[in-house]
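Enquirer: Pasting a structure below so you can have a look.
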Amino acid sequence: MKQLTALLWAEIQKEHRHSFHSKMVYFSLLIWPAIMFVTAYYSFAPFRTGADSPLARFLSAEQLPLFLLTGYLGYIFFWCLVQSAWQMSFERQAGTMEMIFISPVNRLAFLYGRSLSSLVEGVWLFFCFTLLALLFVGGMHPSGWWAIPLAFFVLLVSAIVWGGFLSVLFLFSRDASFLYTVLDEPMLIFSGVRLPPLAFPLWAKAISFCFPLTYALQLVRGLLMEGAPLSALAPELALLASVLLLLVLVTVVLLKKAEKHMKETGNMVMY
17 MKQLTALLWA EIQKEHRHSF HSKMVYFSLL IWPAIMFVTA YYSFAPFRTG ADSPLARFLS
77 AEQLPLFLLT GYLGYIFFWC LVQSAWQMSF ERQAGTMEMI FISPVNRLAF LYGRSLSSLV
137 EGVWLFFCFT LLALLFVGGM HPSGWWAIPL AFFVLLVSAI VWGGFLSVLF LFSRDASFLY
197 TVLDEPMLIF SGVRLPPLAF PLWAKAISFC FPLTYALQLV RGLLMEGAPL SALAPELALL
257 ASVLLLLVLV TVVLLKKAEK HMKETGNMVM Y
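Residue numbers (the numbering used here): 17 to 287.
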């Protein structure tokens with residue numbers, strides 16, 4: 017446990033020095049997501065959002081701002097981990113990854129520690145913005161006082177597990193930038209960030225359920241927008257837990273394969 021704590025703290029310090037070394041970085045972490053939210057909200061302005069609109073079958077006009085806020089908050093959680101996994105290629109070229117993998121450190125703890133360190137510093141500003149915005153938007157019907165902490169915990173755990181899985185995928189290739197393109201924009205489009213997945217055609221629904229963010233947002237919105245009790249959300253919670261458990265198992269298997277692949281094809285820098 018002491019070794020794990022030391023590893024997490026070392027990874028947090030390394031990530032802070034590498035990615036969060038300027039006040040402008042923190043400024044952009046608030047402004048960029050806020051601009052995305054405002055852009056998405058006003059993109060609905062030219063369309064009918066009243067009771068007779070096609071969107072009203074899935075979402076009321078009163079709940080639209082809250083729907084987008086929760087969607088973009090969840091997206092920022094997951095986007096930070098996609099970005100962090102993509103940056104592993106630079107650490108590999110610099111030799112940092114090679115030094116880590118020849119050390120006796122727990123590989124899985126390293127991956128999840130990396131995810132946690134990137135996530136905490138990457139989302140706290142927009143999370144604070146979301147909490148303030150919740151005071152001014154309508155449509156919020158929380159399940160109880162515990163709804164917001166539980167929603168945050170759901171997003172946190174889901175994003176960390178997703179980040180560990182992505183980090184393993186990026187270990188298989190020195191240049192995995194195509195994965196960044198494949199995993200980022202489709203997640204924004206199909207995970208229910210801006211539109212309810214129920215409004216998608218069948219083929220788009222199939223894509224949406226490939227992303228854990230879809231399940232996490234369903235649970236978060238059930239807690240904050242629908243006021244559903246935990247008993248009613250138990251199926252969604254069990255489904256999300258199953259998906260995350262599957263991701264952890266796949267991560268463990270792929271991590272072993274990735275390390276074996278490294279030993280067979282060369283070192284961490286040159287293969």
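We put the CB at the ideal spot given by N, CA and C, even for glycine.
Terminal residues of the continuous alpha helix (DSSP H) containing residue 165?
Expert: Position 149 of the sequence shown, counted from the first residue, corresponds to residue 165. Where residue 165 is concerned, the enclosing alpha helix (DSSP H) stretches over 163-185.
Enquirer: Classify residue 161 as buried or exposed, calling it buried when 16 or more other Cβ atoms lie within 10 Å of its own Cβ.
Expert: In the sequence shown, the residue the question calls residue 161 occupies position 145. Result: exposed.
Enquirer: If you compare alpha carbons, which of 21, 171 and 279 is closest to residue 95?
Expert: Against the sequence shown, residue 95 aligns to sequence position 79. With distances taken between Cα atoms, residue 95 lies closest to 171.
Enquirer: If residue 240 and residue 125 are in contact, beta carbons under 8 Å, what's the gap, nearest whole angstrom?
Expert: Counted from its first residue, the sequence shown places residue 240 at position 224. Counted from its first residue, the sequence shown places residue 125 at position 109. The Cβ separation is near 32 Å, so there is no contact.
Enquirer: So the candidates are 271, 231 and 90; which of them puts its Cα closest to the Cα of residue 213?
Expert: As a working mapping, residue 213 is identified with position 197 in the sequence shown. Closest option to residue 213, Cα to Cα, is 231.
Enquirer: Residue 244 to residue 91, Cα distance in whole Å?
Expert: By one-based count along the sequence shown, residue 244 stands at place 228. By one-based count along the sequence shown, residue 91 stands at place 75. Their backbone Cα atoms lie some 22 Å apart in a straight line.
Enquirer: Can you tell me the Cα-Cα spacing of residue 229 and residue 87, whole angstroms?
Expert: As a position in the sequence shown, residue 229 is number 213, starting the count at 1. As a position in the sequence shown, residue 87 is number 71, starting the count at 1. The alpha-carbon of residue 229 is positioned some 9 Å away from that of residue 87.
Enquirer: For my contact list, residue 188 and residue 277 are in at a C-beta cut-off of 8 Å; report their separation, rounded to the angstrom.
Expert: Residue 188 sits at position 172 when you count from the first residue of the sequence shown. Residue 277 sits at position 261 when you count from the first residue of the sequence shown. Yes, residue 188 and residue 277 are in contact; Cβ-Cβ is about 7 Å, under 8 Å.
Enquirer: Flag this pair as touching only if the region 169-186 and the region 266-280 have three or more C-beta atom pairs under 8 Å; answer yes or no.
Expert: yes
Enquirer: Report all residues from its chain with a CB closer than 6 Å to the CB of residue 263; omit the five preceding and five following residues, and keep chain order.
Expert: Translated into positions along the sequence shown, residue 263 becomes position 247. Correct list, in chain order: 177 and 181.
Enquirer: For residue 157, which residues of its own chain have a beta-carbon under 8 Å away from its beta-carbon, when the five flanking residues on both sides are left out?
Expert: Looking up residue 157 in the sequence shown gives position 141. Excluding positions up to five away in sequence, the list reads 240, 241, 242 and 243.
Enquirer: Once you ignore the five residues that flank residue 237 on each side, which residues in its own chain have a CB closer than 6 Å to its CB?
Expert: On the sequence shown, residue 237 is found 221 positions in, with the first residue counted as 1. Taken in chain order, the residues that qualify are 86.
Enquirer: Verify whether the separation of the beta carbon atoms of residue 260 and residue 173 is less than 8 Å.
Expert: To locate residue 260, count along the sequence shown from 1; it is residue 244. To locate residue 173, count along the sequence shown from 1; it is residue 157. Judged by their CB atoms, residue 260 and residue 173 are nearer to each other than the 8 Å cut-off.
Enquirer: Spatial neighbours of residue 98 within its chain, please: C-beta separation below 7 Å, excluding the five flanking residues on both sides.
Expert: Indexing the sequence shown from 1 puts residue 98 at position 82. Cβ within range, chain order: 182, 196, 199 and 200.
Enquirer: Check residue 277 in the structure and name its three-state DSSP category.
Expert: To locate residue 277, count along the sequence shown from 1; it is residue 261. The three-state secondary structure of residue 277, taken from DSSP, is helix.
Enquirer: Looking at the structure shown, is residue 251 part of a helix, part of a strand, or coil, going by DSSP?
Expert: Sequence index remark: in the sequence shown, residue 251 carries index 235 (1-based). It is helical.
Enquirer: Hey, out of 210, 164 and 271, whose CA is closest to residue 55's CA?
Expert: The residue labelled residue 55 in the question sits at position 39 within the sequence shown. Cα-wise, what sits closest to residue 55 is 210.
Enquirer: Considering residue 227, what are the terminal residues of the alpha helix (DSSP H) in which it resides?
Expert: As a position in the sequence shown, residue 227 is number 211, starting the count at 1. No alpha helix (DSSP H) contains residue 227, which DSSP labels as neither H nor E.
Enquirer: Under 8 Å, do residue 89 and residue 152 count as touching if we go by C-beta distance?
Expert: The residue labelled residue 89 in the question sits at position 73 within the sequence shown. The residue labelled residue 152 in the question sits at position 136 within the sequence shown. Not in contact: residue 89 and residue 152 (Cβ atoms no closer than 8 Å).
Enquirer: Residue 235 and residue 256: beta carbons closer than 8 Å?
Expert: Residue 235 sits at position 219 when you count from the first residue of the sequence shown. Residue 256 sits at position 240 when you count from the first residue of the sequence shown. Yes, these two residues count as a Cβ contact at 8 Å.
Enquirer: Decide if residue 227 is buried, meaning its Cβ has at least 16 other Cβ atoms within 10 Å, or exposed.
Expert: For this step, residue 227 is matched to residue 211 along the sequence shown. That one is buried.
Enquirer: Mapping the DSSP letters down to three states, classify residue 78 as helix, strand or coil.
Expert: Here residue 78 corresponds to residue number 62 of the sequence shown, with the count starting at 1. Per DSSP, reduced to three states, the secondary structure at residue 78 is helical.
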